[in-house]
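Numbers in this note's numbering are just positions in the sequence shown, counted from 1, shifted up by 88.
Cβ atoms here follow ideal geometry from the backbone N, Cα and C, with glycine treated the same way.
All values derive from a computational prediction rather than experimental measurement.
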Amino acid sequence: MPDHSALHRPHTTMILAMSADGKIADVTRSPTRFSSKADRIHLEKQVALADGVLFGAGTLRAYGTTLGVSNPEWLQLRKQRGVPPQPVQIVCSRLAELDPQLRFFRQDVPRWLLTTETGAKRWQEQESAVVGAFERIIVANTSEQGFDWIDAFQKLTQLGLERLAVLGGGELVASLMAADLIDEFWLTVCPLIVGGIAAPTPVDGEGFSIPEFRHLELLNVQTIEQEVFLHYRMQHGS
Ligand SMILES: NC(=O)c1ccc[n+]([C@@H]2O[C@H](COP(=O)([O-])OP(=O)(O)OC[C@H]3O[C@@H](n4cnc5c(N)ncnc54)[C@H](OP(=O)(O)O)[C@@H]3O)[C@@H](O)[C@H]2O)c1
């Protein structure tokens, strides 16, 4: 596994809710949110602690929106920390084939696009239809494996992002996990069974073989009504 311990990059926390059988959505990838109000509050808190919120284009296509900070308590805390009211919302997409009519583009949040040269060109060609949709387009280096995440994360650091919240989905998380770029892992286990071999899970991608398994240190477990909130620290280089 790559050792990036010396790398200056954002501290990265992944936050996901899954069913008791380990699924983050159903086989049709419908946008159903199956977690409780307590989980939504937990998610908003994690968003409020971040400078940037990163998610895959699949997650954006599924929900059409993102989660900003609206709780006055979190807004006040951000003010005290001297940071903008809203963390920047960063969509990651190779091709940037995103529907400009999504409600996301009308939400009162700063938006960045993390993409390839092809994606940036494609998006800019339709810029007339979506002027100002993204404040910034970050072009990441790519290799045969996809994004060069070390390069992308260093660019995010140079742009002032010290804390990153990753909201999924499984493809993005798998890439970041493979590059050993996740530091903390919040998983909410919800009391339902979704099933389906093709239903997405917290970490999809190609998976890891035994010597490459990623290891976690359990930091905390909290139960709120029927849900279990698991907080892990990733063991880097393990
Ligand atoms: N329960 C939860 O907490 C939770 C949270 C989030 C999402 N979800 C669910 O998860 C599903 C979406 O997950 P998903 O795995 O399909 O989608 P995802 O990871 O959100 O998005 C996949 C897309 O994001 C871009 N992407 C992801 N990783 C990339 C990488 N390494 N390099 C370049 N681009 C990358 C690509 O976009 P392009 O195709 O545009 O190039 C890719 O097709 C939805 O059903 C959603 O409801 C559930």
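Can you check DSSP and say which residues form a bridge with residue 253? As a first step, residue 253 must be located in the sequence shown, where it is residue number 165. Beta-bridge pairing links residue 253 to 101 and 141.
List the residues that DSSP assigns as beta-bridge partners of residue 200. Counting from one through the sequence shown, the residue named residue 200 turns up at place 112. Bridge partners of residue 200: 178 and 224.
Short CB-CB distance (under 8 Å) between residue 247 and chain C: As a matter of chain content, chain C is missing from the structure shown, which is built from one protein chain.
Over what stretch of residues does the beta strand (DSSP E) that includes residue 318 continue unbroken? Counting from 1 along the sequence shown, the entry for residue 318 is found at position 230. It spans 315 to 322 - the beta strand (DSSP E) in which residue 318 sits, taken as one unbroken run.
Neighbourhood of residue 210 by C-beta distance below 6 Å, restricted to the same chain and skipping five residues each side: In the sequence shown, the residue the question calls residue 210 occupies position 122. Only 184 meet the Cβ criterion.
Start-to-end residues for the alpha helix (DSSP H) that takes in residue 212: To locate residue 212, count along the sequence shown from 1; it is residue 124. 205 to 213 is the span of the alpha helix (DSSP H), which, as asked, contains residue 212.
CB contact flag (residue 139, residue 321, <8 Å): Start at 1 with the first residue of the sequence shown, and residue 139 comes out as number 51. Start at 1 with the first residue of the sequence shown, and residue 321 comes out as number 233. No.
So does the stretch 161 to 173 actually touch the stretch 262 to 280, counting three or more Cβ pairs closer than 8 Å? These segments do not touch.
Determine the closest residue to residue 226 out of 233, 213 and 246, with distance taken between C-alpha atoms. Position 138 of the sequence shown holds residue 226. Residue 226 has its Cα closest to that of 246, out of 233, 213 and 246.
Which of helix, strand or coil does DSSP assign to residue 325? Translated into positions along the sequence shown, residue 325 becomes position 237. Residue state, collapsed to three classes: coil.
Extract the residue ranges of the alpha helix (DSSP H) inside the stretch 236 to 282, only unbroken runs of 4 or more that lie entirely within it. Taken in chain order, the unbroken stretches of alpha helix (DSSP H) that lie wholly in the stretch 236 to 282 and span 4 residues or more are 237 to 246 and 258 to 266.
Run through the DSSP bridge pairs and tell me what residue 306 is partnered with. Position 218 of the sequence shown, counted from the first residue, corresponds to residue 306. BP columns for residue 306 point to 320.
Which two residues bound the contiguous alpha helix (DSSP H) that contains residue 114? In the sequence shown, counting from the first residue as 1, residue 114 sits at position 26. Careful: residue 114 lies outside any alpha helix (DSSP H) and carries neither H nor E.
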